[in-house]
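Chains X and R, in that order, are what the protein sequence lines are.
The working numbering applies: residue 1 is where the first sequence begins, and numbers increase by one.
The working numbering applies: residue 333 is where the second sequence begins, and numbers increase by one.
Just so you know, even glycine gets a beta-carbon here, dropped at the ideal spot from N, CA and C.
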Amino acid sequence: MTLKNVMKSRLSCLLIALLPWCAFAQEGRLYVNDKKAPDSRKDLDAIQKSLISVLPKARAATVCIEISEGSGSGVIVSPDGLILTAAHVATGVKKKVTIVLEDGTKLKAETLGVVADTDAAMIKITEKGTYPFIDIDRAESARLGDWVFALGHSGGFDKERGSVVRLGRLVRMANSTFQSDCTLIGGDSGGPLFDLSGKLIGIHSRVGQQLQSNMHVPMSEFIKNWESLEKAEFVGEGPFAKKPEKGTGFLGLATEARKEGGLRVTKVGSKSPSETAGIKEGDVLLKLNETALEKREQLQDLLKEMAAGDEVKLDLLHDGKPQTLTLNLGER
Amino acid sequence: MNANLILSVFSALLVLPSAGQQSLESNFRTTGATVVAAFESQRQVLQTSSAVMLNGRKEIGYGVVVSADGYVLTKASEIAEVKALSVTVDQRNYPQAKVLLVDSVWDVALLKVEASGLVPVVYAPTSAVPQGSWVVANGATTRTNRRALAGIISAKIREIPAAGGAALGVTLNPKSKLLEIDGVNEKSGAKEAGLQKGDVILTIEGRKVGKIEEIGEILKDRKEGSTVKVTYRRNKEEKTVDVRLAARSELFTDQMTRNDQMSGKFSTRRSGFPRVMQHDILGSSDVEGGPLLDLEGHCVGMNIARANRAENYAIPVEDLKEIAARMMKQAAGN
């Protein structure tokens with residue numbers, strides 16, 4: 001063996017030994033993360049101290065998201081009310097949802113973009129205000145074995161209880177999924193996963209059969225698709241959200257053309273979007289999204305180009321009086 | 333609360349390792365042996381001051397040692413139907429464990445084993461520890477050694493109302509104009525009190541009832557586990573009995589929610605507690621009844637229910653102390 005070779009092997013040893021030091025030097029990173037496991041009271045105290053100190057801010061930014069299909073969780077990431085959540089919570093783009101803050105305050109919001117194949121989505125609070133928010137880990141600094149904590153409105157919003165915090169470790173990391181042993185349950189979907197410096201590293205997505213199988217969408221998936229999310233685009237083909245298909249939406253009424261223009265409503269389907277919006281038999285539809293209606297086929301053609309969940313604006317005569325209302329198309 | 337809660341359950345296939353994945357060895361996971369080893373000093377407290385409840389050779393739960401002369405508290409509903417109950421403390425098994433009293437509001441039973449020189453738990457000064465604080469409880473056990481599992485305090489201290497409301501446990505005959513009992517639930521207080529099909533309910537707590545809504549009104553703010561006086565008529569004879577109230581949804585459990593389905597085994601009695609603290613220790617429903625320790629090894633509470641996959645309840649130390657003192661005093665007086 002030559003000296004040179006010996007030198008080489010020593011050098012590689014050094015490099016390996018140095019690696020944890022590089023990680024250690026990372027700003028805000030807790031030293032316990034770079035140990036295989038905590039092995040002293042000091043280590044346990046360090047984890048506890050970090051968690052307790054960052055928890056109030058993390059909790060204030062964690063929200064419950066109520067949509068017609070159920071309830072999930074989310075987290076505010078900007079002072080003007082941008083929220084990150086899961087695609088299967090948002091279910092689609094430009095949908096009206098209600099946000100519930102930790103103190104029970106309810107706010108109007110609208111879904112922006114979704115990434116349907118990795119379960120990422122963005123929502124915007126539409127009421128003006130300054131909201132509590134948290135910072136995103138933009139540097140992809142999360143490492144296997146890191147101590148992390150999950151927040152979420154498990155089982156739905158409960159003011160007496162508040163959102164539920166769970167501590168665990170990152171136990172598996174793949175390109176588009178983090179797995180932790182923070183136990184998640186229904187209602188947690190879309191909620192935040194934090195590192196111990198209080199930075200957002202993931203969004204809760206799904207669970208497996210075992211208690212330790214809790215899956216999260218990493219921040220990289222959000223950062224990669226940030227522009228599309230902000231522009232309310234539908235990215236990917238599923239399985240976490242279904243792309244709206246043209247021609248799937250319906251109003252739930254039957255009409256006939258009126259001589260003097262407009263379409264007279266001859267029937268309103270029970271529990272249809274039209275009935276919910278208050279449309280009655282005998283009302284006259286004048287315009288749909290600013291297009292004057294004269295023939296039944298015209299209405300059908302307009303609807304064919306739209307999808308379930310789409311918002312439509314109707315100008316009509318209700319009890320003979322002009323009225324304008326907006327409603328969302330139902331799903332066939 | 334919304335009926336549809338969102339969280340997808342995916343098949344195990346999706347979580348199998350594939351190329352490009354990194355995976356943490358199970359020893360280093362939160363419940364892994366190496367991590368648990370950091371809680372050795374708290375485990376030693378569990379070794380001497382927690383009790384193992386055994387049905388024959390099967391472990392069915394844990395208990396809190398509350399006196400040197402053998403008083404132990406445990407979760408009452410978990411041992412209710414056990415014929416051959418024995419208790420292990422540290423390495424010794426006590427085959428003749430007697431259930432002296434049951435507090436059905438808290439679902440706590442007081443047991444006595446023939447022992448002296450046991451090491452009772454040391455109570456923590458308060459249950460008001462910040463969320464995120466470590467807590468340690470019984471995980472599993474061998475015949476001689478307790479195992480610890482750790483988690484954190486994960487929500488606010490609060491009451492857990494009886495799920496679905498407090499109920500007598502009877503169904504009424506819809507064809508009758510009277511409050512005539514049609515069926516009596518097997519696990520109910522009505523069954524224990526001897527109510528039968530055909531009995532007609534006349535008064536509850538001295539108040540006349542003629543409609544089902546009136547029963548609901550009287551029971552509305554009652555606690556699960558408390559009793560109400562029910563006067564009923566059977567064969568022209570009137571009788572008054574005490575009926576224990578239970579949570580409606582725990583009596584009539586024909587449907588599991590999606591969250592129940594993804595939770596594995598949960599406690600049968602998991603609601604109707606006057607005050608609980610909540611933690612996230614991973615475990616099955618077989619680990620209830622034991623002490624909840626802080627890092628000092630002091631008892632901050634007693635595990636009373638695994639509500640679901642993500643939520644566990646414990647009786648806070650202030651209430652636990654009161655329950656222990658009251659029950660021991662009552663047992664000594666009997």
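For the pair serine 486/R and arginine 166/X, the CB atoms are nearer than the 7 Å cut-off. Flagged as an interface residue toward chain R: aspartate 39/X, by a C-beta distance shorter than 7 Å. Valine 63/X is not a Cβ neighbour of glycine 236/X, given a cutoff of 7 Å. With fewer than 16 other CB atoms across the displayed protein chains lying within 10 angstroms of its CB, arginine 475/R is exposed.
Listed in chain order, the positions of the region 465-484 of chain R with a beta carbon within less than 9 Å of a beta carbon of chain X are Ser465, Trp466, Ala482, Gly483, Ile484. Going by beta carbons, tryptophan 147/X and arginine 172/X fall outside the 7 Å limit.
In the three-state reduction of the DSSP assignment, asparagine 225/X falls in the coil class, being assigned neither a helical nor a strand state. Relative to glutamate 245/X, the option among Ala308/X, Gln48/X, Leu144/X whose CA is nearest is Ala308/X. Taking every protein chain shown into account, the CB of threonine 420/R has 16 or more other CB atoms within 10 angstroms, so this residue is buried. When Ala370/R, Val397/R, Gln376/R are compared, the shortest CA-CA separation from serine 382/R is found for Val397/R.
The C-alpha of glutamine 179/X lies about 56 Å from the C-alpha of lysine 295/X. In the three-state scheme derived from DSSP, where H, G and I count as helix and E and B as strand, lysine 321/X is classed as strand.
The three-state secondary structure of glutamate 545/R, taken from DSSP, is helix.
Identification of residues in the region 138-162 of chain X having a C-beta nearer than 7 Å to some C-beta of chain R yields Leu144, Gly145, Ser154, Gly155, Gly156, Glu160, Arg161, Gly162, given in sequence order. In the structure shown, alanine 416/R adopts coil according to DSSP, grouped into three states. Of all residues in the region 639-654 of chain R, only Asn640, Arg641, Ala642, Glu643 place a beta-carbon less than 7 Å from a beta-carbon of chain X. In the structure shown, glycine 665/R adopts helical secondary structure according to DSSP, grouped into three states. Exclusion of the five residues before and after lysine 108/X leaves Thr126, Glu127 as the residues of its chain whose Cβ lies within less than 6 Å of its Cβ. Isoleucine 489/R places its beta carbon 7 Å or farther from that of methionine 659/R. For the pair of segments examined, the region 136-145 of chain X was found not to touch the region 453-469 of chain R: the number of CB pairs separated by less than 8 Å stays below three. For lysine 49/X, the enclosing alpha helix (DSSP H) starts and ends at 41-61. Within the same chain, and ignoring the five residues on either side of proline 273/X in sequence, the residues whose Cβ sits closer than 7 Å to its Cβ are Leu251, Gly252, Leu327, Asn328, Leu329, Gly330. Taking CB atoms only, threonine 324/X has no neighbour in chain R less than 7 Å away. By the criterion of at least three beta-carbon pairs nearer than 8 Å, the region 351-366 of chain R is not in contact with the region 277-288 of chain X. Judged by DSSP secondary structure, proline 273/X falls within the alpha helix (DSSP H) whose first and last residues are 273-277. Neighbours of lysine 36/X in chain R, taken as residues whose beta carbon is under 8 Å from its own, are Phe360, Thr366 in chain order.
In terms of Cβ geometry, leucine 325/X and leucine 229/X do not form a close pair [threshold 7 Å].
Within the model, the alpha-carbon separation for glutamate 518/R versus alanine 37/X is close to 49 Å. A distance below 7 Å separates the beta carbons of alanine 441/R and alanine 408/R. For a Cβ distance threshold of 7 Å, residue set Leu55, Val165 of chain X lies close to glutamine 463/R, ordered along the chain. One thing to note: glycine 604/R has its Cβ no nearer than 7 Å to the Cβ of alanine 637/R. In this structure, serine 163/X keeps its C-beta atom at 7 Å or more from the C-beta atom of glycine 187/X. At a cut-off of 7 Å between C-beta atoms, serine 459/R does not count as an interface residue with respect to chain X. Think of a sphere of 9 Å around the beta carbon of alanine 370/R: the chain X residues whose beta carbon falls inside it are Ala37, Pro38, Asp39, Ser40, Arg41, Asp43, Leu44, in chain order. With its beta carbon at least 7 Å from every one in chain R, alanine 308/X lies outside the interface. Here tyrosine 645/R is buried, its C-beta having at least 16 other C-beta atoms within 10 Å.
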